[in-house]
Amino acid sequence: MKPNRYTLTMLVENEPGVTARITGLFAGRGYNIETICGAPTANPKMSRITITTLTSPLMLEQCMKQIKRLVNVIKLRDMTGEKAVKREMALICVKAKPEHQDEIKELIRDFSGKMMDEGGQHFIFEVTGDEDTIDVLLEKLTPFGIKKLARSGVLALYREP
4 MKPNRYTLTM LVENEPGVTA RITGLFAGRG YNIETICGAP TANPKMSRIT ITTLTSPLML
64 EQCMKQIKRL VNVIKLRDMT GEKAVKREMA LICVKAKPEH QDEIKELIRD FSGKMMDEGG
124 QHFIFEVTGD EDTIDVLLEK LTPFGIKKLA RSGVLALYRE P
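Residue numbering for the sequence shown follows my numbering, starting at 4 and increasing by one per position.
Structure, rendered in structure tokens:
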């Protein structure tokens, strides 16, 4: 059976070792973390950690039960599906030979990217979107030559009613 992609977000106490305990739980149970992103919230005593993972529904249920038992976890939610706004940011360095620069700039504009550094033979820009949008852009840039890539991982918030 092919695993499904799930997005989990949790509010945790902003204390040393919390992220290590959560990732250790995943590793100890053989769950792979596809992406992880964490940072303090508007309340500096709490952080939000968002994790995407590929697993089965049963394994996800077991994983969520184990995460909820961790002392520093305040709230855990499954953000999979349409009830959440999910975004990712990428910094991309692409080869930009003079004969391709206009085409690359057009692609960057089409994906609402923002130029961060423009060299004679490269562009570094940032782009935000859902995972699929970033994947499509990377596919379109591959023929030009992607030199470096940094992706933030998925961030997610539930839609307000």
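Think of the CB as a built atom: it goes at the ideal place given N, C-alpha and C, for glycine as much as any other residue.
Where lysine 98 and proline 6 are concerned, what is the direct C-alpha to C-alpha distance, given to the nearest angstrom?
Their Cα atoms are separated by approximately 35 angstroms.
Taking DSSP's pairing of strands, which residues face valine 130 in a bridge?
For valine 130, which the question treats as bridged, DSSP gives the partners Ala93.
Using the Cα positions of glutamate 64 and arginine 8, report the straight-line distance between them to the nearest angstrom.
As the crow flies, the alpha-carbon of glutamate 64 is around 13 angstroms from that of arginine 8.
Beta-carbon gap between leucine 152 and leucine 110 smaller than 8 angstroms
Between leucine 152 and leucine 110, the C-beta gap is not smaller than 8 angstroms, which leaves the two residues out of contact.
Just to confirm the assignment, what range does the alpha helix (DSSP H) spanning proline 60 have?
Unbroken alpha helix (DSSP H) run through proline 60: 60-72.
How would you write the range of the beta strand (DSSP E) that lysine 151 sits in, first residue to last?
Element bounds for lysine 151: 149-154.
Would you mind sorting isoleucine 149 into buried or exposed? The rule is 16 or more other CB atoms within 10 Å of its CB.
Counting other Cβ atoms within 10 Å of its Cβ, isoleucine 149 stays below 16 and is therefore classed as exposed.
Measure how close the beta-carbons of threonine 22 and isoleucine 70 come, nearest whole angstrom, since I'm counting them as under 8 angstroms.
That belief does not hold up - the Cβ atoms of threonine 22 and isoleucine 70 are roughly 12 angstroms apart, past 8 angstroms.
Taking the Cβ atom as the reference point for each residue, do glycine 116 and glutamate 129 lie within a distance shorter than 8 angstroms?
Cβ atoms of glycine 116 and glutamate 129: closer than 8 angstroms.
Report back the beta-carbon spacing between isoleucine 77 and glutamate 16 to the nearest angstrom; my notes put them in contact at under 8 angstroms.
Correct: roughly 7 angstroms between the Cβ atoms.
DSSP state of proline 164 mapped onto helix, strand, coil
Three-state result, proline 164: coil.
Boundaries of the alpha helix (DSSP H) in which alanine 99 is found, first to last residue:
No alpha helix (DSSP H) contains alanine 99, which DSSP labels as neither H nor E.
Close Cβ partners of isoleucine 36 (< 7 angstroms) along its chain, the five nearest in sequence each way excluded:
If you ignore the 5 residues before and after isoleucine 36, its C-beta comes within less than 7 angstroms of the C-beta of Thr26, Phe29, Ile54 and Thr56, all in its own chain and listed in chain order.
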